[in-house]
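Notes for the one structure printed next.
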């Protein structure tokens, strides 16, 4: 039996009907009301439909934050098409893989990425349209001209069912190969409700404004969808790069009440002198996720901002909906009642279970794999049956993270089953970088691992073994990687060794590499600088 559900774009329809003249998006000195935002979304949807884009088609989007990425998102929803955003920092080869794997029909890309456009055109035979946003060297239809061609046309929200996909949320597996987690209209309707219930209770258009300080292609985009559901203004900084002074100025100017960020950015914001130069008393919820936050950083944020920070733990496959630690449970001082290190308790409607290697539930306090079930869990990976078989067991989604629940069901993360590390809120998978390093003719073996860093949470170091008789330096490796790996994935240091430790099976294990480097004193302050 079909399960008809609300098209996510209906939230925009509601906002435009109920609050037509309130600001929907503020970006630098420009702004769009809900009526104008809705009209531009309809114009874009009409133009895309006239170009043959229909329900189920995938729209690949390579765009920095701005009004365009939000308009494309809602035009995709309105048409019943699928929003497929990239991390705009990815290299052309990375984006061309996403185009091919998703079977994209159209590519909407900022005009200053001509190499990405060329790579996508070559890799994706199904691609029919390229639309370029803004001014730049990339070739394709101009975004504003496309919008103008559909101006004045009202487009109804396409009828959708619960399991109709609306968003491909790309996430990397243990091998680093991106996989498309299929998010659906029904799932996302639950996620919106859950975000408003657990992360930002009481959010309303009369009292709230939201500041966007993270890429809208990922968690910040989900956060923005929740703002649209409550007709709350989203404020976007005008600068392309993060500027803490600008952020605090916008908080004061627009009386911002909520924002989504990652611990690294929150730490930078709190440590910047502008935090004391601007009024931030309007803030009610600063939501951070993507990586653990050091306890000392929590304390500093709480002392500077008050009890307004909210932590959540979740993966793209669960759209962030696993646990929450609300403001009331964040304490600026340690004490017997403070649960130091927890990432909170289960989100509303979600269930966490800690399982052993055979899928059996373990007792409170025992460590195992963190597994989860509930309406926020994704529909599965796009065209990847093996990954689906690995990710689910007896109906539980296996996160790959290790942790335990205490007697009150607060979750503590103790490690990761994979070698992934998190730097600045971004998941980084060593194998992808190792494969690039091994393409260097003078590198015989390599291992990339994450080490703690006070600024970024973790940073990567690459341990390399030169080929016999060949010269190799740290600069050689870094120069070789410079145009092959996205900047945020670049190792911060290269360590040269004569050999890497191996197990009895001849396998290079990260644990043994780490232990050897620690014994040699090579993982000290210099490795973290």
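Numbering (the numbering used here), first residue to last: 3 to 531. By construction, the Cβ of each residue, glycine as well, lies at the ideal position given by its N, Cα and C atoms. Predicted model, so just to flag it, every value in this text is computed and none were measured.
Per-residue burial, residue i [other beta carbons within 10 Å of its own, 16 or more giving buried]
i           : result
residue 506 : Caution is warranted here: a pLDDT of 47 is assigned to residue 506, below 50, making its placement in the model unreliable, and no coordinate value can be reported.
residue 553 : Since the first residue of the chain shown is 3 and the last is 531, residue 553 is not available in this structure.
residue 440 : exposed
residue 436 : buried
residue 106 : buried
residue 48  : buried
residue 342 : exposed
residue 457 : exposed
residue 181 : buried
residue 421 : buried
residue 349 : buried
residue 175 : Its pLDDT being 48, under 50, residue 175 is placed unreliably in this model, and the value from its coordinates should be taken loosely. Buried, because 16 or more other Cβ atoms sit within 10 Å of the Cβ of residue 175.
residue 472 : exposed
residue 371 : buried
residue 367 : exposed
residue 485 : exposed
residue 239 : buried
residue 281 : exposed
For residue i, the three-state DSSP class (helix, strand or coil)
i           : result
residue 384 : coil
residue 280 : coil
residue 12  : helix
residue 36  : helix
residue 369 : coil
residue 255 : helix
residue 390 : helix
residue 425 : strand
residue 456 : coil
residue 269 : helix
residue 187 : helix
residue 402 : strand
residue 379 : coil
residue 465 : strand
residue 175 : Caution is warranted here: a pLDDT of 48 is assigned to residue 175, below 50, making its placement in the model unreliable, and the coordinate value is therefore given only provisionally. Note: residue 175 maps to coil in three-state DSSP.
residue 472 : coil
residue 508 : Only weak support is given to the placement of residue 508: the predicted model assigns it a pLDDT of 48, under 50, and the value that follows is read from those uncertain coordinates. The answer is coil: DSSP assigns residue 508 none of H, G, I, E or B.
residue 323 : coil
residue 311 : strand
residue 244 : coil
residue 132 : strand
residue 71  : helix
residue 448 : strand
residue 432 : helix
residue 118 : helix
residue 502 : coil
6 Å CB neighbourhood of residue i in its chain, flanking five on each side removed
i           : result
residue 76  : 11, 14, 43
residue 336 : none
residue 518 : 503
residue 18  : 36, 37, 40
residue 148 : 49, 133
residue 272 : 302, 303, 306
Contact belief for residue i with residue j at Cβ below 8 Å, rounded distance in angstroms
i           : j           : result
residue 68  : residue 29  : 6 Å
residue 74  : residue 63  : 5 Å
residue 546 : residue 383 : Within the shown structure, residues of the chain are numbered from 3 to 531, placing residue 546 beyond reach of any answer.
residue 269 : residue 245 : No, residue 269 and residue 245 are not in contact; Cβ-Cβ is about 15 Å, not under 8 Å.
residue 297 : residue 163 : About 45 Å; that fails the 8 Å criterion.
residue 488 : residue 93  : 6 Å
residue 9   : residue 187 : 6 Å
Close-in-space but distant-in-sequence residues of the same chain around residue i (CB under 7 Å, 5 per side omitted)
i           : result
residue 22  : 35, 36, 37
residue 207 : 21, 24, 232, 233, 234
residue 502 : 447, 449, 465, 467, 510, 515
residue 194 : 227, 228, 231
residue 70  : 135, 145
residue 95  : 121
residue 285 : 253, 258, 259, 307, 310
residue 57  : 81, 82, 83, 160
residue 369 : 404, 405, 406, 416
Beta-carbon proximity list for residue i, same chain, < 8 Å, skipping 5 on both sides
i           : result
residue 347 : 325, 326, 327, 410, 411, 412, 413
residue 241 : 248
residue 55  : 61, 81, 83, 107, 108, 131
residue 374 : 320, 324, 352, 353, 354, 355, 398, 399, 401
Exercise for the section: Report yes or no: do three or more beta-carbon pairs, one from the stretch 153-166 and one from the stretch 73-89, lie closer than 8 Å? Expected result: yes
Problem - Inter-stretch contact (C-beta, 8 Å, three-pair minimum) for the stretch 403-415 and the stretch 473-492 - result: no
Exercise for the section: State whether the stretch 312-323 contacts the stretch 376-391, with contact taken as three or more CB pairs (one from each stretch) at a distance under 8 Å. Expected result: yes
Handout entry: Three or more C-beta pairs below 8 Å linking the stretch 110-123 and the stretch 201-219
Key = no
Exercise for the section: Could you tell me whether the stretch 50-61 touches the stretch 257-273, using the rule of 3 or more Cβ pairs below 8 Å? Expected result: no
Problem - Contact between the stretch 493-501 and the stretch 448-468 (3+ Cβ pairs under 8 Å) - result: yes
Practice task
Determine, using beta-carbon pairs with one atom in the stretch 281-292 and one in the stretch 252-262, whether at least three such pairs fall under 8 Å.
Solution key: yes
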